[in-house]
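For the first sequence, this note's numbering puts the final residue at 1162, and the numbers step up evenly by one. Note that the Cβ used here is the ideal one computed from N, Cα and C, for glycine as well. Keep in mind it's a predicted model, so treat the numbers as computed, not measured. What follows is a short report on a single structure.
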Amino acid sequence: MAEENVSINSTRRLPTRAEDFSEWYNQLVVKADLADYAPVRGCMVVKPYGWALWENITSWLDAEFKKTGHVNAAFPTLIPLSFFEKEKEHVEGFAPELAVVTHGGGVELEEKLVVRPTSETIIGYMYSKWVKSWRDLPILIVQWGSVLRWELRTKLFLRTAEFYWHEGHTAHASKEEAIEETYRILDIYEKIYIEEAAIPVIKGVKSESERFAGAQMTTSVEAMMQDMRALQAGTSHYFGTNFAKAFDIQFLDKNNSLQYCETTSWAISSRMIGALIMVHGDDQGLMLPPRLAPIQAVIVPIFKNDEEKTKVMEVADKIFMELKAAGIRLKMDDRDNVSSGFKFNDWEMRGVPLRIEIGPKDVEKRSVALARRDVPGRGGKSFVPQTNLAAAVSGMLAEIQSSMLKRATEFRDANIHDPKDYEEFKKVVADGWAFSWWCGRPECEAKVKEDTKATTRNMPLDQPKGDTLGKCIVCGEKADRKIYFARAY
RNA sequence: CGGGGUGUAGCGCAGUUGGUAGCGCGCUUGCUUUGGGAGCAAGAGGUCCCGGGUUCAAAUCCCGGCACCCCGACCA
674 MAEENVSINS TRRLPTRAED FSEWYNQLVV KADLADYAPV RGCMVVKPYG
724 WALWENITSW LDAEFKKTGH VNAAFPTLIP LSFFEKEKEH VEGFAPELAV
774 VTHGGGVELE EKLVVRPTSE TIIGYMYSKW VKSWRDLPIL IVQWGSVLRW
824 ELRTKLFLRT AEFYWHEGHT AHASKEEAIE ETYRILDIYE KIYIEEAAIP
874 VIKGVKSESE RFAGAQMTTS VEAMMQDMRA LQAGTSHYFG TNFAKAFDIQ
924 FLDKNNSLQY CETTSWAISS RMIGALIMVH GDDQGLMLPP RLAPIQAVIV
974 PIFKNDEEKT KVMEVADKIF MELKAAGIRL KMDDRDNVSS GFKFNDWEMR
1024 GVPLRIEIGP KDVEKRSVAL ARRDVPGRGG KSFVPQTNLA AAVSGMLAEI
1074 QSSMLKRATE FRDANIHDPK DYEEFKKVVA DGWAFSWWCG RPECEAKVKE
1124 DTKATTRNMP LDQPKGDTLG KCIVCGEKAD RKIYFARAY
């Protein structure tokens, strides 16, 4: 049939994930009202709904950091360019993506300033002023803010020039303590992904070539998106004394001997929202886990005329008050300029976990219709009595949360493979992950990247035990560790 | 930075041989509607990316810029 050529962009529907995953994502971000394109290259505007989601993430993390002894502070957006030259690998890593301020107040600056791409340097500089004695340690500071990296190819939330994050920067008296901190934070990251975002992640250590610029060890949590690509979802770095030496952060220990600090840094960015979209979203739109959703349930009243409206709204308002009092994040959709069918689709696009429909029939039967977002169509609808509704709703939200995690975990596990040889390996990483033995040599990683575009993701902390050494999937030499390989964002 | 493409209403697009700009969605107002993306009617909305040239006449042809998108090398 020669249908008229209606562009997919002019319709309310999304392209399906199978048709074009990337375009599905791009349109979903905008249509779910999370963000919009800014008039500045590579930058986004986070809209109120998207920011509300981000606030749920940040407030959970903030509380968790405070529980573990961290405090918040703020450092300048502008950093002297010369600071970046103090740590060799750090400069090399960031030089290509720096934005530099050359003029201020109409005159050329004596010293050029960098818009921070990350704050290790300026924070290191300040720490060197603040740390004198072992009594000053540890320093456990978190900065909430945004940073700027001149990215060549951008995508809303996943990779924008400016992005939002927290960056933790800690300084310790001993290596053991700094490493412990690195892993403590990684555990927090794992927890927010699994328990709050319903996204299964793998904790592990990055290979040398995938390390943060200037780090001695980079750890990460890695998640699988629905297109099987990997997303580095959070990172925690151990610097050893690299930055302490570059910025002269020294203290006198208990034996009155001068020592360099051991430092760490760690971050989760607004990219996490990209992960939520790509792990849970479906062809109807966004699907948010109840624990992070800005709106956990939406009430859609249904009526034909004023008489029905009066009856329905009376019940709907009462239920609204009840559920609100029970602490459920709730929205009443009483718009009268769109049909209820439109509202159903609209809230599904926005990923609201649960919809509560109240119509004349429900008023009569003293029931409501519940429609869960994670089970589309008739299968996800149920009719429950109005009495004890708060308990029923809370229960269903919890069930949605756990079923989302279960589904995402099963999906991920079904797409991680253990190929027998390199030929099979190449096939596997084209459309999934491989968990394989690796000899540890960068040459083998480079060959994999060359052949398949896949990179090493991380080496999980809980490695296969015992002395059953394997053989590197690439070169066949002896290998003592297994590592994930995948195409990554 | 290399290769390809696109700039026309808020968004998505059409615009023939050069003749003075249109469609769908959205928006505004009114009435009827509302249990899976409602209907009718009347409206509002334009620097056709910018600059120059050819011509009686340019969205359309020519020259020069700019911007954005996609594909490759780098990245939370």
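According to DSSP, residues forming a beta bridge with residue i
{"i": "D693", "result": "According to DSSP, D693 bridges with nothing at all."}
{"i": "E1030", "result": "V973, A1042"}
{"i": "L821", "result": "E835"}
{"i": "D709", "result": "V718"}
{"i": "P753", "result": "L786"}
{"i": "S806", "result": "L925"}
{"i": "I1156", "result": "S1109"}
{"i": "M1132", "result": "V878"}
{"i": "E840", "result": "Q816, A940"}
{"i": "H845", "result": "E935"}
{"i": "M1005", "result": "I972"}
{"i": "V744", "result": "I814"}
{"i": "G1149", "result": "In the DSSP output, where bridge partners are listed per residue, G1149 has none listed."}
{"i": "G1143", "result": "A1152"}
{"i": "K828", "result": "R832"}
{"i": "A1165", "result": "Nothing can be reported for residue 1165: it is not among the residues displayed for the chain, which extend from 674 to 1162."}
Distance between residue j and residue i (C-alpha atoms, nearest Å)
{"i": "R714", "j": "G779", "result": "24 Å"}
{"i": "L1003", "j": "L726", "result": "14 Å"}
{"i": "E737", "j": "F748", "result": "21 Å"}
{"i": "E762", "j": "F912", "result": "12 Å"}
{"i": "Y798", "j": "W817", "result": "18 Å"}
{"i": "I852", "j": "H845", "result": "9 Å"}
{"i": "S847", "j": "P962", "result": "39 Å"}
{"i": "D706", "j": "S943", "result": "15 Å"}
{"i": "T1060", "j": "R1051", "result": "23 Å"}
{"i": "E676", "j": "E692", "result": "Low confidence applies to E676: its pLDDT is 32, below 50, so where it sits in the model is not reliable, and the reading given next is rough at best. The alpha-carbon atoms of E676 and E692 are separated by roughly 18 Å."}
{"i": "M674", "j": "T689", "result": "Below a pLDDT of 50, predicted positions are generally treated as unreliable, and M674, at 26, falls in that range; no measurement from the model is reported."}
{"i": "T794", "j": "F916", "result": "8 Å"}
{"i": "S680", "j": "N699", "result": "Here the model assigns S680 a pLDDT of 49, short of 50, so the residue's position is not dependable and the matter cannot be decided."}
{"i": "L734", "j": "P721", "result": "20 Å"}
{"i": "N678", "j": "R1023", "result": "For N678, the predicted model reports a pLDDT of 36, less than 50, meaning its position is unreliable; a value from the coordinates is still stated below. C-alpha separation (whole angstroms): 27 Å."}
{"i": "V1147", "j": "V1025", "result": "45 Å"}
Element boundaries [alpha helix (DSSP H), containing residue i]
{"i": "T731", "result": "721-740"}
{"i": "A903", "result": "First-last for A903: 903-913, but that is the beta strand (DSSP E), not the alpha helix (DSSP H)."}
{"i": "L996", "result": "979-998"}
{"i": "S1067", "result": "1062-1087"}
{"i": "K848", "result": "848-864"}
{"i": "K1016", "result": "1013-1022"}
{"i": "D1091", "result": "Where D1091 is concerned, there is no enclosing alpha helix (DSSP H), given that its DSSP letter is neither H nor E."}
{"i": "V1025", "result": "No alpha helix (DSSP H) holds V1025; DSSP gives it neither H nor E."}
{"i": "A1127", "result": "That residue, A1127, is in no alpha helix (DSSP H); it is neither H nor E in DSSP."}
Closest by C-alpha distance to residue i, when choosing among the options
{"i": "K1162", "options": "P967, N699, R832", "result": "Note that residue 1162 is Tyr in the sequence shown, not Lys. Here the closest residue by C-alpha is R832."}
{"i": "D956", "options": "E835, F993, S942, Q899", "result": "Q899"}
{"i": "R826", "options": "A834, L959, W733", "result": "A834"}
{"i": "A1063", "options": "V719, I972, E987, N978", "result": "I972"}
{"i": "M1077", "options": "W697, E868, Y800, F767", "result": "E868"}
{"i": "I1089", "options": "R1130, G1068, C1117, Q1074", "result": "R1130"}
{"i": "V774", "options": "F767, G766, T750", "result": "T750"}
{"i": "W1110", "options": "T1125, E1123, A1087, E1150", "result": "E1150"}
{"i": "V1066", "options": "G1000, D1094, R822", "result": "G1000"}
{"i": "T741", "options": "L859, G766, F694, I875", "result": "L859"}
{"i": "L1027", "options": "V1036, K1034, M1005", "result": "M1005"}
Segment limits, beta strand (DSSP E) that includes residue i
{"i": "L1218", "result": "Since the first and last residues shown for the chain are 674 and 1162, residue 1218 lies out of range."}
{"i": "T892", "result": "890-897"}
{"i": "W1106", "result": "1106-1111"}
{"i": "G1166", "result": "Given a span of 674 to 1162 for the chain in the structure shown, any question on residue 1166 remains unanswerable."}
{"i": "V1057", "result": "1054-1058"}
Residue i beta carbon near the ligand NAD (any heavy atom closer than 6 Å)
{"i": "E1118", "result": "What this structure holds is no ligand at all, so the ligand NAD is not there to describe."}
Inset, instruction - Pick out the complete beta strand (DSSP E) segments inside the region 929-976, 3 residues or longer, and give them in chain order. - result: Listed in chain order, they are 931-933, 935-942, 970-974.
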